[in-house]
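Visitor: Questions regarding the structure given below will be posed in turn.
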Amino acid sequence: MNRYNASDLSRWRSDGAALMPGFFTKSEIVPVLDDFGILFSGGQPQPHAAVENTKGKDVRMPSRVQFEHTRMMPFDCSPALNLLALHPALIAFAREALGTEDVRLYQSISWAKFTGQADFDQPFHMDYYNHTLTTIGDDPCQRTVNFSIYATDVTDEHGSIRYVTRGEGDEICGPMRPGMPDVSQQDALRRIERSGAGPSGTVLAYSSDIYHRATNLTAPEGRRYVLFASYKAAENDAVDFVAWPSSVPREWSRLYSADDNPWRHFFEHASPEQLACLNVPLPGDRFWTEVTLARTQTRWPRWDATAWRRAIA
Ligand SMILES: [Fe+2]
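Be aware that the sequence shown starts at 66, since it is given in the numbering used here, and climbs by one per residue.
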C-alpha cells in the first residue's frame, strides 16, 4: 500500500508540511475511534460553538480548557491507539525525512475536541518553543517530524489546522522566527493560510518550525479526534517532550505491575524497530545480556523476546 510518495517528502523538506489524505485505511481507523470513545467518554458536544469574549488586540492562546481532553501515551485503552504512533509507515516517513535510520518517538498525545467545549481558535505559533530550549537546526536531521493523524473527519467546521509554509512564515515574520508573531504579522499570515482539512485517515506531517494555528469547532454536535506523534533523530538530544518511563495514566502503582500497565501493549505487540523508537535497545545491542534480558522479561511476562535472545546466543 502506497501511503505516501516522494513528493510528500519533498514538500515536507521544502515547505515544512505535507498533507496526506488516505494514509490510514478505514479498517485501521475503526478500532482507533473506539479507543478515543473510551478515553474521552466525558466529552459532551454542544449544538453551538463556544466563543471567548476576552480576546482583544493581544495575541494569546485561548483558555486552558482547550487542552482538557488530552492524554499522553500510553493510553488506557486497546493496543490500536497505543500502537498507531509507531505505525511502520510513520517510522519509514520519519526516517526518510530526517535522513537517518535511527529515530525516536518523543511525543504522542491524543486530543479530543468537542463543539462548545472551548473556543479552540489559536493565534499562529511554532511548536518548537516547548520542544527545545534553543531552536530547530537547519539540517533535515536536526528537525522534527510532527504527525497529526485524523481519526474523525476534520473539516473546516471541525477545527482544521491552518498553516503557512516555512518560506512564507519567514517572509512575513523574519528569519528570527518569533514564537508568537505580533498582531499585524498574525493578520498577514491569516491572509495566506492554508487549510489542513482532511477525511478520517489523513495524516499531516509538519515540522515544528512552521507557523500554524488551531481553529474553533463550529459544526453542531461536532467532535474531532486527532493523535499527535512527533519524531526526531536519536542523536538529537536538544529536542524532547516527555520521559516515557514516567508517563503512565493516573495511578503510579501501575508502574510496578504489567497486568494493568498500558506499556504492556508495546511489549506484547511492537516489533524491535518500534520499541527502538521508545529507547528499548535493538537486538544485538551491548545492553542485552542474559541478565538484562531475564530481568526485562520478568517485568513484561508476555513479551516475545525471541529476536533479542537469538542475538545474544
Ligand atoms: Fe501548535
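For each residue, glycine too, the CB sits at the ideal point set by N, CA and C.
Any C-beta of chain C sitting closer than 8 Å to the C-beta of G266?
Guide: Of the chains in the structure shown, none is chain C; there is only one protein chain.
Visitor: Buried or exposed: which applies to L149, given that a residue is buried once 16 or more other Cβ atoms fall within 10 Å of its Cβ?
Guide: The residue labelled residue 149 in the question sits at position 84 within the sequence shown. With 16 or more other Cβ atoms within 10 Å, it is buried.
Visitor: State the beta-bridge partners of A270 as determined by DSSP.
Guide: The count along the sequence shown starts at 1 and reaches residue 270 at position 205. Note: A270 sits in a beta bridge opposite A83 and F212.
Visitor: Using CA coordinates, which residue listed in R169, F331, H134 and A183 is at the minimum distance from P127?
Guide: Here residue 127 corresponds to residue number 62 of the sequence shown, with the count starting at 1. For P127, the closest of R169, F331, H134 and A183 by C-alpha to C-alpha distance is A183.
Visitor: Counting pairs of beta carbons, one from the segment 210-228 and one from the segment 280-287, are three or more of them closer than 8 Å?
Guide: A contact exists between the segment 210-228 and the segment 280-287.
Visitor: Please return the same chain residues whose Cβ sits closer than 8 Å to the Cβ of P205, not counting the five positions on each side in sequence.
Guide: One-based indexing of the sequence shown puts residue 205 at position 140. Cβ neighbours of P205 beyond the five flanking positions: R78, A162, L163 and G164.
Visitor: Nearer than 7 Å: is that true of the beta carbon of H152 relative to any heavy atom of ligand 1?
Guide: Translated into positions along the sequence shown, residue 152 becomes position 87. No; taking the cut-off as 7 Å, the Cβ of H152 has no heavy atom of ligand 1 nearer than that.
Visitor: Can you check the segment 214-256 for any alpha helix (DSSP H) of at least 4 residues that lies completely inside it and give the ranges in chain order?
Guide: 231-238
Visitor: What separation, rounded to the nearest whole angstrom, lies between the Cα atoms of S143 and Q187?
Guide: Taking the first residue of the sequence shown as position 1, residue 143 is located at position 78. Taking the first residue of the sequence shown as position 1, residue 187 is located at position 122. Taking the straight line joining both Cα atoms gives about 31 Å.
Visitor: Is any heavy atom in ligand 1 found nearer than 7 Å to the beta carbon of H196?
Guide: As a position in the sequence shown, residue 196 is number 131, starting the count at 1. The answer is no for H196.
Visitor: Determine the extent of the beta strand (DSSP E) in which L292 is found, giving its start and end residues.
Guide: Locating residue 292 in the sequence shown gives position 227, counting from the first residue. Counting along the chain, the beta strand (DSSP E) containing L292 begins and ends at R288 to A298.
Visitor: Would you check if the distance between the CB atom of A216 and the CB atom of L98 is smaller than 8 Å?
Guide: The residue labelled residue 216 in the question sits at position 151 within the sequence shown. The residue labelled residue 98 in the question sits at position 33 within the sequence shown. It is a contact, given that the beta carbons lie within the stated cut-off.
Visitor: Just to confirm the assignment, what range does the beta strand (DSSP E) spanning T283 have?
Guide: The residue given as residue 283 occupies position 218 in the sequence shown. Segment: none, T283 is in no beta strand (DSSP E) and carries neither H nor E.
Visitor: According to the neighbour-count rule (16 or more other Cβ atoms, all chains shown, within 10 Å of its Cβ), is G234 buried or exposed?
Guide: For the purposes of this step, residue 234 is identified with residue 169 of the sequence shown, where counting begins at 1. Burial of G234 is indicated by the presence of at least 16 other C-beta atoms within 10 angstroms of its C-beta.
Visitor: Does the beta carbon of D192 fall short of 7 Å from some heavy atom of ligand 2?
Guide: You won't find ligand 2 in this model; what it holds is ligand 1.
Visitor: In angstroms with no decimal places, state the Cα-to-Cα distance between A114 and D305.
Guide: Indexing the sequence shown from 1 puts residue 114 at position 49. Indexing the sequence shown from 1 puts residue 305 at position 240. Between A114 and D305, the C-alpha separation is close to 34 Å.
Visitor: Which of the three DSSP states is assigned to H334 in this structure?
Guide: The residue you call residue 334 lines up with position 269 of the sequence shown. Of the three classes helix, strand and coil, the one that applies to H334 here is helix, per DSSP.
Visitor: Near A370, which residues of its chain fall below 7 Å by C-beta distance, leaving aside the five closest residues on each side in sequence?
Guide: As a first step, residue 370 is located in the sequence shown; it is residue number 305 there, counting from the start. Excluding residues within five positions, the ones whose Cβ falls inside 7 Å are L358 and Q362.
Visitor: Give the straight-line distance between the Cα atoms of P153 and R160, rounded to the nearest whole angstrom.
Guide: Numbered from its first residue, the sequence shown carries residue 153 at position 88. Numbered from its first residue, the sequence shown carries residue 160 at position 95. Each residue's Cα considered, the two are about 10 Å apart.
Visitor: What residues are listed by DSSP as bridge partners for G263?
Guide: To locate residue 263, count along the sequence shown from 1; it is residue 198. For G263, which the question treats as bridged, DSSP gives the partners V219.
Visitor: DSSP puts S173 in a beta bridge; with which residues?
Guide: On the sequence shown, residue 173 is found 108 positions in, with the first residue counted as 1. S173 is bridged to A294.
Visitor: Can you tell me whether DSSP reads T386 as helix, strand or coil?
Guide: This structure does not reach residue 386, given that the chain is present from 66 up to 378, and the question cannot be answered.
Visitor: Smallest Cα separation from G107: which of H134, P86, V124 and R129?
Guide: Taking the first residue of the sequence shown as position 1, residue 107 is located at position 42. Selected option, being the one with the closest Cα: H134.
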